[in-house]
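According to the numbering used here, the sequence shown is numbered sequentially starting from 1.
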Amino acid sequence: MKHGATVLNLASIIEHNARLTPNKEAVICFDKRLTYGDLNSAVNRVANVLKELGIGYGDKVALSCPNVPFFPMVYYGILKVGAVVVPLNILFKPREIEYHLRDSDAKALFVFEGTAELPMAQMAKEAFEKVETCEHLIIMTQSDESLFSEHPSLLKLMESVSDKFQIYPTAPDDTCLILYTSGTTGKPKGAELTHSNVYMNAIAAWELHVSASGVRKGEQSVCLITLPLFHTTGQTAQMNAQLYAGNKIVLLPRFEPQVFLETVKRERVNFWTGVPTMYWAILKYVEENNIDVTPYAESLTILSSGGAPMPVEVMKKFEQIFGVRVLEGYGLSETSPIVSFNHPQLPSKPGTVGQPIFGVEIKCVDENDNEVPQGERGEIVVRGHNVMKGYYKNPEATAEAMRNGWFHTGDIGVIDEEGYLSIVDRKKEMILRGGYNIYPRELEEVIMTHPAVSLCAVIGVPDERLGEEVKAYVVKKPGAQLTEEEFIEWCKTQFAANKYPRYVEFRDSLPIGGTGKILKRLLKEELTGK
1 MKHGATVLNL ASIIEHNARL TPNKEAVICF DKRLTYGDLN SAVNRVANVL
51 KELGIGYGDK VALSCPNVPF FPMVYYGILK VGAVVVPLNI LFKPREIEYH
101 LRDSDAKALF VFEGTAELPM AQMAKEAFEK VETCEHLIIM TQSDESLFSE
151 HPSLLKLMES VSDKFQIYPT APDDTCLILY TSGTTGKPKG AELTHSNVYM
201 NAIAAWELHV SASGVRKGEQ SVCLITLPLF HTTGQTAQMN AQLYAGNKIV
251 LLPRFEPQVF LETVKRERVN FWTGVPTMYW AILKYVEENN IDVTPYAESL
301 TILSSGGAPM PVEVMKKFEQ IFGVRVLEGY GLSETSPIVS FNHPQLPSKP
351 GTVGQPIFGV EIKCVDENDN EVPQGERGEI VVRGHNVMKG YYKNPEATAE
401 AMRNGWFHTG DIGVIDEEGY LSIVDRKKEM ILRGGYNIYP RELEEVIMTH
451 PAVSLCAVIG VPDERLGEEV KAYVVKKPGA QLTEEEFIEW CKTQFAANKY
501 PRYVEFRDSL PIGGTGKILK RLLKEELTGK
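Laid out in structure tokens, this is it:
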């Protein structure tokens, strides 16, 4: 780094609060409670471990860890030495871990020990042994004993190093994270986010929280994190944002409605962000068990939703039962993540993801990158402080995504007369039936209003005559009676003749991914075998 250049290292948010309020609680996970002083000491020890392993500025370090205190300890430790964090989905199999280690040029891999059902360390070891460029495998265990004699326990390594460390002076445009996209088309791509990208987005997330709840900086609030920390929303819009503000984060390694409610009540949680399927699961649990939510909801001040479009019916019902406002936002891994939000000082528009956050611009364009008229559908493009550097080692994909100075999201949206953005669908999920564009999101919104429907997903299935036909997968409410014929006849009354689902399949559940989204690609793979 050049002399006199601006310094910005995201890990300074931990150091700063440890200096100001070392005895304030920072991270809670069941009976484990860390103050800011505790967290900063642990982060410094991890940084010293990395330094002794020869890892420093610009090196890539992979991190595979659920929502437990090890995650922030290692995450900020990697950043403190000037290295780059590569978070991995904890559900990855050895083949997927191997791909990400190779593609990111990871020099080390930190992996949580896992469980009998999810042997994370064993799967990581299988992948690590095939990647000659990854030099170190460190196991995060609850004791200082490693699961494998040839690979050290992180706690054991931390015992022998100092809890003091001088933070590396990274520049604002130095790479902070490489977040891999889900890979809906081809292999996953690594979005390079800078310290400035992530820091600015964390501040923006916190400011939205402040304006929504009235909490001031210095007044400690409590944020529950059930979204996986390896995902951009849990990581930056929650963990980074709340720790920046000196707040308390409560980590749940696994989302379960009962545990969610108990934790909210026990820890007096004020703020939570979930994906729509989590809201749906909580409502289902409350209704099936006839639970009075009053004692669980009294501490909540604001809730938000992201990751996938929230069905309007689910949002309305949740707000009615819990008596707390739910604000929907929109973002992507490539945008750090927040792009837009239903700003708390303005009226919410259910079904929209609000207006752009500070310093961010959006518009909807046609296939020639011309802006479409207000109220018309187009691909959402974004520019601002939140947009990534590019895709790691992939200049072709970067150039394609960043055409004309705007990041092309692949999402189809509509901007209304007040600047509110609605997500119509994924460009790649659009169904082309006989030359007509059909947007699954539009159909799903309406289907969710059927009194017998609890959850649904709509996809396009191959059709010899029309190219694609419309199929709905439906989870019925407990005890609900609904036949295929009745469902399709109802759909005919709701949709134009070219839109309504010709096929329906009733299921007890739908495939849900590690981030809580419905995995439509698995439904398609069942049909096509691809």
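Where a beta carbon is used, it is the ideal one built from N, C-alpha and C, also for glycine.
All figures in this text were calculated on a predicted structure; none of them were measured in a lab.
Positions of the beta strand (DSSP E) runs, each at least 3 residues long and wholly inside the segment 202–284, are given as 222–225, 248–251 and 271–274 in order along the chain. Assigned with DSSP and collapsed to three states, Y296 falls in helix. V312 is a Cβ neighbour of G351, given a cutoff of 7 Å.
Taking 8 Å as the upper bound for CB-CB distance, T194 and K51 are not in contact here, some 22 Å apart.
Per DSSP, the unbroken beta strand (DSSP E) holding D411 starts and ends at F407 to I415.
Ranked by Cα distance from Q258, the first of Y296, W272, A397 and Q481 is Y296.
Rounded to whole angstroms, the gap between the alpha carbons of E113 and W490 is 50 Å.
L20 and F110 have their alpha carbons spaced roughly 30 Å apart.
Setting aside the 5 residues that flank it on each side, V269 is surrounded in the same chain by V222, C223, L224, V250, T263, S299 and L300, each with a C-beta closer than 8 Å to its C-beta; the list follows chain order. Considering only L147, P119, K471 and L154, the residue with the shortest C-alpha distance to A108 is L154. Across the structure, T236 and E334 are spaced so that their CA atoms are roughly 12 Å apart. The secondary-structure analysis by DSSP pairs P462 across a beta bridge with E468. Around the Cβ of N370, a 10 Å sphere holds fewer than 16 other Cβ atoms; the residue is exposed.
Remark: three or more beta-carbon pairs, one from each stretch, lie closer than 8 Å, so the segment 451–468 and the segment 496–516 are flagged as touching. For Y420 against K349, the beta-carbon gap comes to about 5 Å, under 8 Å, which counts as contact.
Y330 and G306 do touch by the CB rule: their CB atoms are close to 7 Å apart, below 8 Å. Counting along the chain, D103 sits inside the alpha helix (DSSP H) bounded by residues P94 to S104.
Around the beta carbon of G246, a 10 Å sphere encloses 16 or more other beta carbons of the protein chains shown; the residue is thus reported as buried. Shown here, A5 sits in coil according to DSSP, grouped into three states, outside any helix or strand. When DSSP states are grouped into helix, strand and coil, V360 belongs to the strand group. Between A472 and E400, the alpha-carbon positions lie close to 33 Å from each other.
Taking C-beta atoms as the reference points, I431 and R377 fail to come closer than 7 Å. If you look at D425, you'll find it in the beta strand (DSSP E) that goes L421 to R426. The three-state reading of DSSP puts I139 in strand, counting E and B together.
In this structure, V61 keeps its C-beta atom at 7 Å or more from the C-beta atom of E98. Here the segment 165–182 does not lie against the segment 136–155, with fewer than 3 beta-carbon pairs under 8 Å apart. In the three-state reduction of the DSSP assignment, S153 falls in the strand class, which pools E and B. No residue range can be given for R507, since it is assigned to no alpha helix (DSSP H) and is classified by DSSP as neither H nor E.
Secondary structure of E371 (DSSP, three-state): strand. Under the 10 Å beta carbon count, E444 is surrounded by 16 or more other beta carbons and is classified as buried. Contact check for E484 against V453 fails: the beta carbons are separated by 7 Å or more.
The C-beta distance from N386 to V339 rounds to 7 Å, short enough to fall under 8 Å. Residue range V312 to F322 is occupied by the alpha helix (DSSP H) that includes F322. Beta-bridge partners assigned by DSSP to Q355: F341.
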